[in-house]
Amino acid sequence: MSGARERLSFDARVRDALADPLLKVAIDRTTGNARTKRAAAMAAWPGFSSARELGRDIKDHVIAHLDHYLVQFERNARASGAQVHWALSGPEACDIVVAICRKAGARTVTRSKSMLGEEIGLPHALQEAAIERVETDLAEHIIQLAGDPPSHIIWPALHKTREQVAELFHAHHHDPGTLDSIEAMVASARRELRGRYLAADVGISGANFLIADTGAVCTVTNEGNAELTTTPPRVHIVTAGIEKLVPSCAHAMAMLRLLVRSATGAELTQYTTFHCGPKRAGDLDGPAEFHIVLIDGGRTRMLAEGLAEMLRCIRCGACLNHCVVYRQIGGHAYGSVYPGPMGSVLTPMLDGLPQSKDLPRACTLNGQCQEVCPVAIPLPTLLRGWRDRIWSTGLESVTVRQGFAVWRFLALHPALYRQASAMAVWMMAWFARGGWIARMPLAGGWTRYRDMPRPPRRPFIAQYRRRMPRP
Amino acid sequence: MLQDSSRESAGGPCVGLFVSCLVDAMRPAIGFAAINLLEAAGCRVEVPLQQTCCGQPALNSGDLAGARQIAQHTIALLEPFQYVVVPSGSCAATIRVHYTELFHEDPVWRARAEALAARTHELLSFLVDIRGWLPKQVALPASATYHDSCSGLRELGIHAQPRRLLAAVEGLSLRPLEGNATCCGFGGMFCVKYAAISNAIVAEKAQSIEATGAELLLGGDLGCLMNLAGKLHRCGSRVRVFHTAEILAGMGDGPAIGEAT
Chain E
1 MSGARERLSF DARVRDALAD PLLKVAIDRT TGNARTKRAA AMAAWPGFSS
51 ARELGRDIKD HVIAHLDHYL VQFERNARAS GAQVHWALSG PEACDIVVAI
101 CRKAGARTVT RSKSMLGEEI GLPHALQEAA IERVETDLAE HIIQLAGDPP
151 SHIIWPALHK TREQVAELFH AHHHDPGTLD SIEAMVASAR RELRGRYLAA
201 DVGISGANFL IADTGAVCTV TNEGNAELTT TPPRVHIVTA GIEKLVPSCA
251 HAMAMLRLLV RSATGAELTQ YTTFHCGPKR AGDLDGPAEF HIVLIDGGRT
301 RMLAEGLAEM LRCIRCGACL NHCVVYRQIG GHAYGSVYPG PMGSVLTPML
351 DGLPQSKDLP RACTLNGQCQ EVCPVAIPLP TLLRGWRDRI WSTGLESVTV
401 RQGFAVWRFL ALHPALYRQA SAMAVWMMAW FARGGWIARM PLAGGWTRYR
451 DMPRPPRRPF IAQYRRRMPR P
Chain Z
1001 MLQDSSRESA GGPCVGLFVS CLVDAMRPAI GFAAINLLEA AGCRVEVPLQ
1051 QTCCGQPALN SGDLAGARQI AQHTIALLEP FQYVVVPSGS CAATIRVHYT
1101 ELFHEDPVWR ARAEALAART HELLSFLVDI RGWLPKQVAL PASATYHDSC
1151 SGLRELGIHA QPRRLLAAVE GLSLRPLEGN ATCCGFGGMF CVKYAAISNA
1201 IVAEKAQSIE ATGAELLLGG DLGCLMNLAG KLHRCGSRVR VFHTAEILAG
1251 MGDGPAIGEA T
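Residue numbers (the working numbering), protein chains in the order written: chain E, 1 to 471; chain Z, 1001 to 1261.
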């Protein structure tokens, strides 16, 4: 299903999304709620702007000293009994995870939500290896049942209305019950998943922060599913991007304040867990083996290619919730793992610019994403950077380039520009009825959806010349 | 360079008015309103006749070489003035914010761009922040709502100034607009290149405007206003759309955007 969608062009995916009225209902419910709650949280937090500067500085510092903190993290994680693996690419990371699962004789793995897992293609790799994957995050559970990819980085099932979720549970759950309320739906999912947690051979999680001075991994969830995924199985595997490093627990706390308020408007998630090493002698529970797979996956290349600021991203989703484009087309139309403004910056890096050249351009550059970003990523500037690259590498169409060449020539020759604009204005008037133009050649993009005001008989400069005495 | 205080003492500061290519071609009334307002605020206004476009379309399309050429033309044209005023947030932001970025590897042009940026202002913010001017004896008995265009709002911090100016218009009541700081979906080339998405955004915006029950929609950027006026008209709305400068210059009883003259 997702494969078929990805093969469509961006325009076709957009058309499908805009034609789906339920999708719009679902997007408005969740992102509207998120915007309202975030706004309330920020209004109650006078220290936001200084916290944001601190968060930006922490991330910039770590990114500038990745070599130092990666080595420190590895040393401390090993000292705590963790096994640390390094993967340069997504496929390499998947190979490492699958090898650990095989060595553990795993038939079933539970997984708590991780966008990195999607980025590296872990669900697919597990399927190829014939290892059953049980998604334990409620939203991930929903989209696993539906066979959909995530459509939002915080709420992967945002594209489903609660009514659609009830239908899915009714069709797939063993004991769905009445499903007449959100509580009843959650209870049904809980009944469905509880047994799976205890039966799993391996639990796989992501990481919100890698804490260099202790070697611990921090995860935040609201459902407690990460704890149930990482504690009962004999083996726990963490997959994490190398940009998740912070120097210390205190730094993780500073980032956590920004992350949770920006994502959900809450002050804290229900669960904030630090995973540090495997089960020790005397511990009541915990995994016997604790693996951490540190993944580059293009991140060091981003440093080299002028996208270092994007490595600040803590995956809060605020830029998606506030993006006028995302709010109309939803996540799937982007055709990539990461949608919205942050996704439009990341995807050309991850999937290649020729395949994703629509994404940086399908943006009004209104700047609201940067305004709400808790680590002040200059998203519009980075998107402009991709547009520059599209132009300079010849990915822009010949028609557009020629059009711009003509327009630029005129803009640099004012006398010709005056003649051309006078002629354009005169021709446009031919298509006007009253004060408006409802249809006009070469203006279909505009007039298909809106009317164009009739231009004046003469442009401003021509009128001004006639009115003002010549100096 | 004519950055001389003699002109200031003779008849207020000398302001070069850069009307923007869109105002030039589509709504000259905004240019004449700007002249009236600047003169009322004690400025001597000159309109450099060689002006064309600030280059924003090239800049936003990734054609940096083209944008640089046009920026050089515009910088050379506008740098003789003590102030440069633009009745558009996004064109003013192009000159104030983006010209210097365009020349980050060219110290000579960068210095010229920075000097121009420091003297360039969007019209409404110039009237309030630099001239401390508010309209007197302008009356318009009507209800209006205000759309904050994104470039002016986020790149130049224009929010309070138009509201202060409009509060001084007798009889004009300003109604709050839900999502006043949310993009209208114009985005320059975006609105024709990704027309379906742009339409979905502006359709939602038009509904919010209708829901205010206001007779007028006002703003400070003609691109956004044409997008909104065109959508409102297509939807059969009776809301009339003006640039704020037109209202302040007492032209609110004239034809709105799209009304036959």
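Built from N, CA and C at the ideal position, the CB exists for glycine as well. None of the values given here were measured: they were computed from a predicted structure.
Residues of chain E whose Cβ lies closer than 7 Å to the Cβ of residue 1028 of chain Z are, in chain order, 456, 459, 460, 463.
Within the segment 1191-1238 of chain Z, the complete alpha helix (DSSP H) runs of at least 4 residues fall at 1195-1212, 1222-1234. C-alpha of residue 63 of chain E to C-alpha of residue 1016 of chain Z: approximately 45 Å in a straight line. Straight-line spacing of the CA atoms in residue 1068 of chain Z and residue 428 of chain E works out to 30 Å. Assigned with DSSP and collapsed to three states, residue 1016 of chain Z falls in strand.
If the five residues before and after residue 1078 of chain Z are omitted, its C-beta is found closer than 7 Å to the C-beta atoms of 1016, 1018, 1048, 1084, 1116, all from its own chain and listed in chain order. Residues of the segment 406-426 of chain E with a Cβ closer than 8 Å to any Cβ of chain Z, in chain order: 407, 408, 410, 411, 412, 414, 417, 421, 424, 425.
Secondary structure at residue 70 of chain E: helix, using DSSP grouped into helix, strand and coil.
For residue 197 of chain E, no chain Z residue has a C-beta closer than 9 Å to its own C-beta; the minimum C-beta separation is roughly 41 Å. Between residue 1206 of chain Z and residue 1222 of chain Z a beta carbon distance of about 17 Å is seen, past the 8 Å cut, so the two are scored as non-contacting. Along the segment 150-182 of chain E, none of the residues has a CB nearer than 9 Å to a CB of chain Z. DSSP places residue 86 of chain E within a strand segment (E or B) once states are collapsed to three.
Exposed is the label assigned to residue 163 of chain E, since fewer than 16 other Cβ atoms lie within 10 Å of its Cβ.
Here residue 188 of chain E carries a helix assignment [DSSP, helix/strand/coil]. In the DSSP secondary-structure assignment, residue 452 of chain E is bridged to E:437. Beta-bridge partners of residue 1098 of chain Z (DSSP): none assigned. Ranked by Cα distance from residue 203 of chain E, the first of E:12, E:311, E:292 is E:292. Rounded to whole angstroms, the Cβ separation of residue 1250 of chain Z and residue 1138 of chain Z is 5 Å, and the two are in contact under 8 Å. Sixteen is the threshold: since fewer than 16 other Cβ atoms of the shown chains lie within 10 Å of the Cβ of residue 397 of chain E, the residue is exposed.
About 26 Å separates the beta carbon of residue 1070 of chain Z from that of residue 1043 of chain Z, a gap too long to meet the 8 Å contact definition.
A direct Cα-to-Cα measurement between residue 1141 of chain Z and residue 1128 of chain Z gives close to 23 Å. The beta carbons of residue 332 of chain E and residue 17 of chain E sit about 7 Å from each other, so the pair counts as a contact at 8 Å. In its chain, beyond the 5 residues on either side, 1045 have a beta carbon closer than 6 Å to the beta carbon of residue 1035 of chain Z. For residue 363 of chain E, the neighbours in chain Z by C-beta distance under 8 Å run, in chain order, 1187, 1190. Under the DSSP definition of a beta bridge, residue 241 of chain E partners with E:295. Residues of chain E whose Cβ lies closer than 8 Å to the Cβ of residue 1155 of chain Z are, in chain order, 367.
Bridge pairing for residue 210 of chain E: E:217, E:245 [DSSP].
Of the candidates Z:1157, Z:1040, Z:1056, Z:1161, the residue whose Cα lies closest to the Cα of residue 1094 of chain Z is Z:1056. Contact of residue 243 of chain E with chain Z by beta-carbon distance below 7 Å is absent, the smallest such distance being about 26 Å. Here DSSP, grouped into helix, strand and coil, assigns residue 336 of chain E to coil. For residue 1171 of chain Z, the uninterrupted beta strand (DSSP E) run begins and ends at 1170-1175, by DSSP. Contact between the segment 223-237 of chain E and the segment 88-106 of chain E is present, with at least three C-beta pairs closer than 8 Å. In terms of Cα proximity to residue 265 of chain E, the closest of E:14, E:12, E:45 is E:45.
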